[in-house]
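Encoded as structure tokens, the structure appears first; notes follow it.
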Amino acid sequence: MKPDQDDSSTSFWQNINNVRENVWFALSTMWRLDKKLFIFSSSIYAFQGLTPILIAFLTGQLIDFTIAASAGTAGLMLPLSMLAALAATQVLFSHSFNMQYYITIRLRKVFSMYLAEKVFDKFQQLDHNHYEDSTFNKLANKITYNVNVISLVPERTLQLLTRVLQLVATTLAIIVLSPSIVLLLFVSIIPLVVTLMKTARARWQVWDWIDNELRLRNYLGRTLQNVDEVNELKIFKLSTYFRALWRKYYSRTEDARIDVERHSQKRLLGSSVFEGLIQFGIGAILLLRVVRNAAFSLGDFEFYRRLVADFSNASGQMASGFQSLSESNLFLHDYRDFIALKPQVKHSKKPTHINEKVTPRIEFRDVGFKYPKSNKYVLRHLNMIIEPGDDIALVGANGAGKTTIIKLLMRFYDVSEGEILVDNINIRDTDISQWYKQVGALFQQFNKYPYLKVKRSIGVGDVARVDDIEGIQAASEKAGAHAYIDKLPHKYDTVLTKVFDDGTDLSGGEWQRVALARAFFRDANILILDEPTSAVDAKAEYEIFERINATQKEKTTIIISHRFSTVRNADKIYVIDDGKIVEAGSHEELMKQSGMYHELFETQAQGYR
Ligand code: ADP
Numbered sequence: 000m001k002p003d004q005d006d007s008s009t010s011f012w013q014n015i016n017n018v019r020e021n022v023w024f025a026l027s028t029m030w031r032l033d034k035k036l037f038i039f040s041s042s043i044y045a046f047q048g049l050t051p052i053l054i055a056f057l058t059g060q061l062i063d064f065t066i067a068a069s070a071g072t073a074g075l076m077l078p079l080s081m082l083a084a085l086a087a088t089q090v091l092f093s094h095s096f097n098m099q100y101y102i103t104i105r106l107r108k109v110f111s112m113y114l115a116e117k118v119f120d121k122f123q124q125l126d127h128n129h130y131e132d133s134t135f136n137k138l139a140n141k142i143t144y145n146v147n148v149i150s151l152v153p154e155r156t157l158q159l160l161t162r163v164l165q166l167v168a169t170t171l172a173i174i175v176l177s178p179s180i181v182l183l184l185f186v187s188i189i190p191l192v193v194t195l196m197k198t199a200r201a202r203w204q205v206w207d208w209i210d211n212e213l214r215l216r217n218y219l220g221r222t223l224q225n226v227d228e229v230n231e232l233k234i235f236k237l238s239t240y241f242r243a244l245w246r247k248y249y250s251r252t253e254d255a256r257i258d259v260e261r262h263s264q265k266r267l268l269g270s271s272v273f274e275g276l277i278q279f280g281i282g283a284i285l286l287l288r289v290v291r292n293a294a295f296s297l298g299d300f301e302f303y304r305r306l307v308a309d310f311s312n313a314s315g316q317m318a319s320g321f322q323s324l325s326e327s328n329l330f331l332h333d334y335r336d337f338i339a340l341k342p343q344v345k346h347s348k349k350p351t352h353i354n355e356k357v358t359p360r361i362e363f364r365d366v367g368f369k370y371p372k373s374n375k376y377v378l379r380h381l382n383m384i385i386e387p388g389d390d391i392a393l394v395g396a397n398g399a400g401k402t403t404i405i406k407l408l409m410r411f412y413d414v415s416e417g418e419i420l421v422d423n424i425n426i427r428d429t430d431i432s433q434w435y436k437q438v439g440a441l442f443q444q445f446n447k448y449p450y451l452k453v454k455r456s457i458g459v460g461d462v463a464r465v466d467d468i469e470g471i472q473a474a475s476e477k478a479g480a481h482a483y484i485d486k487l488p489h490k491y492d493t494v495l496t497k498v499f500d501d502g503t504d505l506s507g508g509e510w511q512r513v514a515l516a517r518a519f520f521r522d523a524n525i526l527i528l529d530e531p532t533s534a535v536d537a538k539a540e541y542e543i544f545e546r547i548n549a550t551q552k553e554k555t556t557i558i559i560s561h562r563f564s565t566v567r568n569a570d571k572i573y574v575i576d577d578g579k580i581v582e583a584g585s586h587e588e589l590m591k592q593s594g595m596y597h598e599l600f601e602t603q604a605q606g607y608r
């Protein structure tokens with residue numbers, strides 16, 4: 000659909016309803032977040048809404064009193080006091096605009112923080128079913144880019160209500176003189192209101208049309224200035240190619256938005272001309288009254304002429320306020336849809352308690368699993384018992400299903416068949432936060448937290464002990480990280496990014512050891528390591544596993560690795576092939592079987608011979 004076409008599903012009343020619903024949301028949220036600020040800002044805005052009428056009234060009075068004074072029928076005191084009242088009102092009126100900015104930044108602070116924190120919480124609450132879903136990603140993308148627009152909703156709401164107040168007060172004042180003038184005034188603004196609402200809708204819709212290209216353009220833009228990716232770009236001379244792509248998508252996405260505004264400009268001009276003609280007509284009616292009706296003074300003429308001008312001003316501002324509000328409201332609707340998303344991995348309302356202090360027994364009982372939106376079983380009839388203190392390894396070709404087993408154990412997804420038991424309790428019935436306390440995990444794609452000092456990067460493994468520097472050092476010694484951290488410019492206080500002064504970067508293996516230290520620092524009963532030492536040299540790896548074996552006695556360790564030097568030390572090795580366990584036993588047992596493990600081991604060993 001083109002931007003200038005109507006969306007028949009969105010009626011005028013639906014738009015009004017959206018605005019009403021969201022005005023209520025903005026006001027009630029503001030009231031809940033900061034009552035004092037709410038009262039303070041509403042009073043200033045209400046003052047702004049009513050003052051123009053007072054100014055019109057005082058000006059009318061001033062003219063009549065001045066005429067009377069010049070004709071000698073009244074003293075000078077009256078026009079002088081009107082002048083003084085006008086000056087005082089003007090000062091307060093002007094100052095109210097200065098205060099508006101102050102109010103605005105306070106409102107934005109409160110609201111932006113509130114909105115952002117809700118989004119953070121929601122991201123945590125949702126699960127991989129969402130993270131891997133393109134509709135979810137579209138929605139999340141829209142919200143992330145437009146959170147600023149959404150945080151303007153409270154001030155825009157107050158601005159709109161101010162204009163409504165002004166319009167109502169002005170209408171009441173004019174209706175006393177002539178109801179038909181009021182009618183004419185309302186007719187004069189219809190085209191403007193319709194145009195602005197159409198534009199608001201089109202501005203929002205354009206996001207849907209450009210969403211994919213916008214994501215691509217942002218990705219390209221980020222890549223072109225990402226120091227971690229710059230080397231390959233240089234060598235492959237990719238930057239010219241990427242820049243051309245970025246340029247193409249940047250132009251296309253922005254042009255789509257410019258198109259919307261171009262269509263709107265044409266309509267706006269038409270509406271303004273229509274409004275101007277009616278205004279002229281009303282002015283002429285008022286003029287005729289002064290000329291023909293002695294009771295209608297020049298002061299009255301000026302009072303009403305100003306009211307009519309104020310009405311037009313206020314209605315124009317109200318319409319554009321309505322437009323910007325309905326535009327932010329459309330995003331606000333998205334935001335509320337986002338916040339309303341429910342995790343698909345359901346957590347039990349009355350979870351069964353698990354003892355956090357004791358290492359649990361884990362059992363996979365006839366587990367089958369298909370990824371969401373996929374018909375293919377990635378795991379099928381998988382049975383595995385992990386006793387407390389077991390040291391197990393999962394091996395197998397890429398895509399065999401090893402990481403999937405860990406993801407299920409972490410309850411990132413629910414199993415499609417069978418069950419996973421933790422101390423004989425179905426993992427679905429456990430308290431997930433209690434279960435996570437039992438687990439320390441290092442994934443292949445681990446987090447780096449480079450903006451934190453290295454001690455924090457390790458300490459966040461157990462936030463409750465984040466300042467336990469001795470524990471942090473012990474964990475990094477175990478991970479083989481202490482020696483090089485100790486040589487960093489500020490030792491454990493060094494920041495691990497060159498973005499900051501005195502910051503530094505680490506090699507792949509060094510990063511992996513910091514992440515490993517974080518997992519060790521957690522000191523959890525179950526340690527899960529997915530390719531933990533793939534970037535670490537053989538000698539350091541050997542030493543790390545020596546230390547793990549010495550300290551993990553009571554605890555369970557689950558390792559996924561392609562390196563047999565790592566795998567062979569496990570008590571029990573599971574060989575996974577195409578989602579099934581095909582062999583299980585110690586290194587010696589499996590070597591004797593001369594099966595798949597033996598074959599994989601020999602293939603790797605040959606590489607070293
Ligand atoms: P491994 O860790 O043994 O290399 P994985 O457990 O990562 O294997 O993957 C097992 C299978 O599941 C592979 O065929 C992979 O393509 C598929 N798979 C992995 N993650 C997803 C996902 N998020 N959505 C759909 N399929 C997936």
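Under my numbering, think of the first position of the sequence shown as 0, with each following residue one higher.
Glycine included, each C-beta is placed from N, C-alpha and C at the ideal position.
It should be emphasised that the depicted structure is a prediction, and the values quoted were computed from it without experimental measurement.
Checking the DSSP bridge columns, you'll see F368 partnered with L378. Within the same chain, and ignoring the five residues on either side of G280 in sequence, the residues whose Cβ sits closer than 8 Å to its Cβ are L183. The segment 536 to 547 makes no contact with the segment 363 to 381: fewer than 3 CB pairs, one atom from each, lie closer than 8 Å.
The beta carbons of L441 and L331 sit about 40 Å from each other, so the pair does not count as a contact at 8 Å.
Spanning the alpha carbons of S327 and A308 requires a straight line of approximately 28 Å. For secondary structure counted as the beta strand (DSSP E) over 3 or more consecutive residues, the segment 477 to 534 holds these complete runs in sequence order: 525 to 529.
With a cut-off of 7 Å, the C-beta of G367 is classified as distant from the ligand ADP, since no heavy atom of the ligand falls inside that distance.
Contact between the segment 418 to 432 and the segment 359 to 366 is present: three or more C-beta pairs spanning the two stretches fall below 8 Å.
K452 sits in a strand when the DSSP states are folded into three classes. When the Cα atoms are used, R202 and V259 turn out to be separated by approximately 7 Å. Placement of the Cβ of N397 at a distance of less than 7 Å from at least one heavy atom of the ligand ADP is found. If you draw a straight line from the Cα of R266 to the Cα of L285, it is about 29 Å long. With a minimum length of 4 residues, the unbroken runs of alpha helix (DSSP H) contained wholly in the segment 139 to 176 fall at 152 to 176.
For I180, the three-state secondary structure derived from DSSP is helix. Sequence-distant partners of K117 (beyond 5 residues in either direction) whose C-beta falls short of 7 Å from its own C-beta, in its chain, are I338.
Distances from the CB of V377 to the heavy atoms of the ligand ADP include at least one below 7 Å. Below 8 Å, enough C-beta pairs join the segment 16 to 28 and the segment 310 to 328 to call them touching: three or more. Shown here, E553 sits in coil according to DSSP, grouped into three states, outside any helix or strand.
Restricting attention to beta strand (DSSP E) runs no shorter than 3 residues, the segment 553 to 580 encloses them at 555 to 559, 571 to 576, ordered along the chain. Residues of the same chain with a CB within less than 7 Å of the CB of D333, apart from the 5 flanking positions on each side, are L138, K141, I142 in chain order. Sixteen is the threshold: when 16 or more other Cβ atoms of the shown chains lie within 10 Å of the Cβ of K454, as they do, the residue is buried.
About 15 Å separates the beta carbon of I52 from that of G298, a gap too long to meet the 8 Å contact definition. A distance below 7 Å between beta-carbons, with the five flanking residues on each side excluded, links T103 to the following residues of its chain, in chain order: E154. With a cut-off of 8 Å on Cβ pairs, the segment 462 to 473 is not in contact with the segment 381 to 395, counting fewer than three such pairs. In the three-state reduction of the DSSP assignment, V357 falls in the coil class. For G59, the uninterrupted alpha helix (DSSP H) segment begins and ends at 34 to 70. Placement of the Cβ of S373 at a distance of less than 7 Å from at least one heavy atom of the ligand ADP is found. Here DSSP, grouped into helix, strand and coil, assigns V394 to strand. Cα atoms of V438 and V152: separation of roughly 42 Å, rounded to the nearest angstrom. In the DSSP assignment, L441 is bridged to L528. Residue pairing from DSSP places V421 in a beta bridge opposite I361, I424. In this structure, the C-beta of G400 approaches the ligand ADP to less than 7 Å from one of its heavy atoms. Within 10 angstroms of the beta-carbon of I174 lie fewer than 16 other beta-carbons, which makes it exposed. Excluding its 5 nearest sequence neighbours in each direction, E540 has C-beta neighbours in its own chain below 8 Å: T532, R562, S564, T565, listed in chain order. In the structure shown, A294 falls within a coil segment according to DSSP collapsed to helix, strand and coil. The segment 118 to 135 makes contact with the segment 339 to 350; the number of CB pairs closer than 8 Å reaches 3 or more.
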